[in-house]
Amino acid sequence: MYNWARSADTFINTKVDTISRGKTRSNQTRLENIEDQLDRLILVNRALWELLSEKTNLTDDELFSKVAEIDMRDGEMDGKLRKEMKKCSSCGRALNPRHQKCMYCGSESLKKDAFDAIK
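Residue numbering for the sequence shown follows the numbering used here, beginning at 28 and increasing consecutively.
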């Protein structure tokens, strides 16, 4: 009986180890994809800023000021932009930013800005 239990324990440990290694590889791949996306976003943002500053003569100080202003919209200077609670344009109730329609009245005419479509 001892050998059977020992074999079962070894089998289970091997399976757990295999699953763990698979999850680690999967997480590593996801992380690399996110890093690639971030690099592309940084590149595009840099290009947009350089074009905008060349065409309008905006300065880096003005950009920093706007970043700080937007950062403080949630009341914290933490380098993060938290989504604000939206209000339904039909019934006025507060909505979760992830919802596409009002869970109270069903209205789909929610007020949106250009960045609401970005997840």
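Beta carbons are placed, not taken as given, at the ideal position from N, Cα and C, and that holds for glycine.
How would you write the range of the alpha helix (DSSP H) that S14 sits in, first residue to last?
Only positions 28 to 146 of the chain appear in this structure, which leaves residue 14 out of reach.
With DSSP run on the structure shown, which of helix, strand or coil describes T114?
The residue asked about is misnamed: residue 114 is Lys in this sequence, not Thr. K114 sits in a strand when the DSSP states are folded into three classes.
In angstroms with no decimal places, state the Cα-to-Cα distance between E62 and R73.
16 Å
Given that a residue counts as buried once 16 or more other Cβ atoms are within 10 Å of its Cβ, and exposed if not, what is L108?
exposed
Whole angstroms is fine: what's the gap from R100's alpha carbon to M112's?
The straight-line gap separating the alpha-carbon atoms of R100 and M112 is approximately 12 Å.
Bridge partner(s) assigned by DSSP for L122
Answer is K113.
Pop quiz: W76 and L90 are said to be a contact at Cβ under 8 Å. What is the actual Cβ separation, rounded to whole angstroms?
That pair is a contact at about 7 Å.
Going by the beta-carbon positions, is the gap between L85 and L79 smaller than 8 Å?
yes
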